[in-house]
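Numbering-wise, the sequence shown is residues 0 to 260 according to numbering that gives the first Met the number 0. Quick reminder that beta carbons are idealized off the backbone N, C-alpha and C, glycines included. Single-structure report; data block below.
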Amino acid sequence: MPKQNAPEPKRTPGAKQFIEQAPKALAGVAALTVVAYAEGVIYTRTYLSEFGALWILDTVPIAVFFERSLLPLLLLLFLVLLAVRGLFDMDQMDPTRTRRRFKASLTTMIYGPWCLLALGVLDFALDMLGYKTQALVASAVSALVLGLLVASGIDYVLVRWRRPDIRLDALMWYPALAAVLIGLYVVPMQLGRNFGKFDKDPFLSTLSTIHLYHDVTEYRLLFSVGDRIYVFPTRFEGDSPPIETVSASQVESIQHKRPME
Numbered sequence: 000m001p002k003q004n005a006p007e008p009k010r011t012p013g014a015k016q017f018i019e020q021a022p023k024a025l026a027g028v029a030a031l032t033v034v035a036y037a038e039g040v041i042y043t044r045t046y047l048s049e050f051g052a053l054w055i056l057d058t059v060p061i062a063v064f065f066e067r068s069l070l071p072l073l074l075l076l077f078l079v080l081l082a083v084r085g086l087f088d089m090d091q092m093d094p095t096r097t098r099r100r101f102k103a104s105l106t107t108m109i110y111g112p113w114c115l116l117a118l119g120v121l122d123f124a125l126d127m128l129g130y131k132t133q134a135l136v137a138s139a140v141s142a143l144v145l146g147l148l149v150a151s152g153i154d155y156v157l158v159r160w161r162r163p164d165i166r167l168d169a170l171m172w173y174p175a176l177a178a179v180l181i182g183l184y185v186v187p188m189q190l191g192r193n194f195g196k197f198d199k200d201p202f203l204s205t206l207s208t209i210h211l212y213h214d215v216t217e218y219r220l221l222f223s224v225g226d227r228i229y230v231f232p233t234r235f236e237g238d239s240p241p242i243e244t245v246s247a248s249q250v251e252s253i254q255h256k257r258p259m260e
């Protein structure tokens, strides 16, 4: 009797698609992780420079700051979601949906760079005029626009991969690429600067209030790692507050930000 081979297990289209696209998705996640890490470094350095406390980076691993930097992580998750969605949607033959996606991405890539430029100028002007809250809002919106611009670029590449006949004029592509490359440095720098100025202000600061034993001075909690706590007086003279390193055993109480009269 001829030997019969056991039938190979059938793979569902979803499982087959997952296996084929998983390496591409993982490569995209790795690349975006590097970008998010760089964004966290830029943000952290700019934020600490507002306090004149870059020396803290010599005592605390930068990875600690990155882990606590929410914005780059949110940006990473947002872009990963869009990229993975696009990769797994590539085999769905839906021309109408493809056209809608391409049109939305194209619109963002055309107008996004100019919107990002306008927000950058507005942020700079508000900062010069001393409007800390408004400047912070402008930089936050810039981060959102940058995320949409990057996501649209990824979506455009995926559509072009499936539809080579679709091409974007270089005059439209280059401004978007330049805006992304510049924005990846400028936007986190603006955010770090604006958050730093915001948190230095005794009336606006989002930092917790700290009281130490045998010390009547009210402090703000800048950062803590392990037993080390970095604080500065709520009220100080000059542009940069004096940063002190204290032990957790010296802390009498920690309070969340409360309105100051």
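Helix, strand or coil at residue i according to DSSP, with G and I counted as helix
i, result
"Glu49", "coil"
"Arg44", "helix"
"Thr244", "strand"
"Tyr173", "helix"
"Val215", "coil"
"Val59", "coil"
"Tyr229", "strand"
"Phe222", "strand"
"Thr205", "coil"
"Phe123", "helix"
Short Cβ contact (8 Å threshold) for residue i with residue j
i, j, result
"Ile41", "Gly191", "yes"
"Leu185", "Ala142", "Looking at the sequence itself, residue 185 is Val, so the reference to Leu does not match. Cβ atoms of Val185 and Ala142: not closer than 8 Å."
"Ile209", "Val250", "yes"
"Phe50", "Ser239", "yes"
Same chain, Cβ closer than 8 Å to residue i, five either side skipped, listed in chain order
i, result
"Pro241", "Phe231, Pro232, Phe235"
"Thr132", "Phe197, Leu203"
"Leu206", "Asp198, Arg219, Leu220, Leu221, Lys256"
"His213", "none"
"Tyr155", "Phe101, Ser104, Leu105, Met108, Leu167"
"Pro60", "none"
Chain-order list of residues whose beta-carbon lies under 6 Å from that of residue i (same chain, five-residue window excluded)
i, result
"Leu183", "none"
"Ser151", "Ser104, Thr107, Met108"
"Leu176", "none"
"Trp113", "none"
"Asn193", "Ala134, Leu135, Ser138"
"Thr216", "Pro232"
"Ile253", "Ser207, Ile209"
"Gly225", "none"
"Ala52", "Ile242"
"Leu121", "Ala137"
"Pro174", "Pro112"
N-terminal and C-terminal residue of the beta strand (DSSP E) that residue i is part of
i, result
"Ser252", "250-254"
"Arg234", "Here Arg234 belongs to no beta strand (DSSP E), and DSSP marks it neither H nor E."
Cβ separation of residue i and residue j, assumed to be a contact under 8 Å, to the nearest whole Å
i, j, result
"Ser30", "Leu115", "Rather than Ser, the amino acid found at residue 30 in this sequence is Ala. With a Cβ gap of about 21 Å, Ala30 and Leu115 do not count as contacting."
"Met171", "Thr45", "Not quite, the Cβ-Cβ distance comes to about 31 Å (not below 8 Å), so this is no contact."
Contacting residues, own chain, Cβ-Cβ under 7 Å from residue i (five flanking each side not counted)
i, result
"Leu118", "Ala137, Val140, Ser141, Val144"
"Val33", "none"
Proximity test, residue i beta-carbon vs the ligand SAM heavy atom, cut-off 7 Å
i, result
"Asp200", "Among the ligands in the structure shown, none appear at all, so the ligand SAM cannot be discussed."
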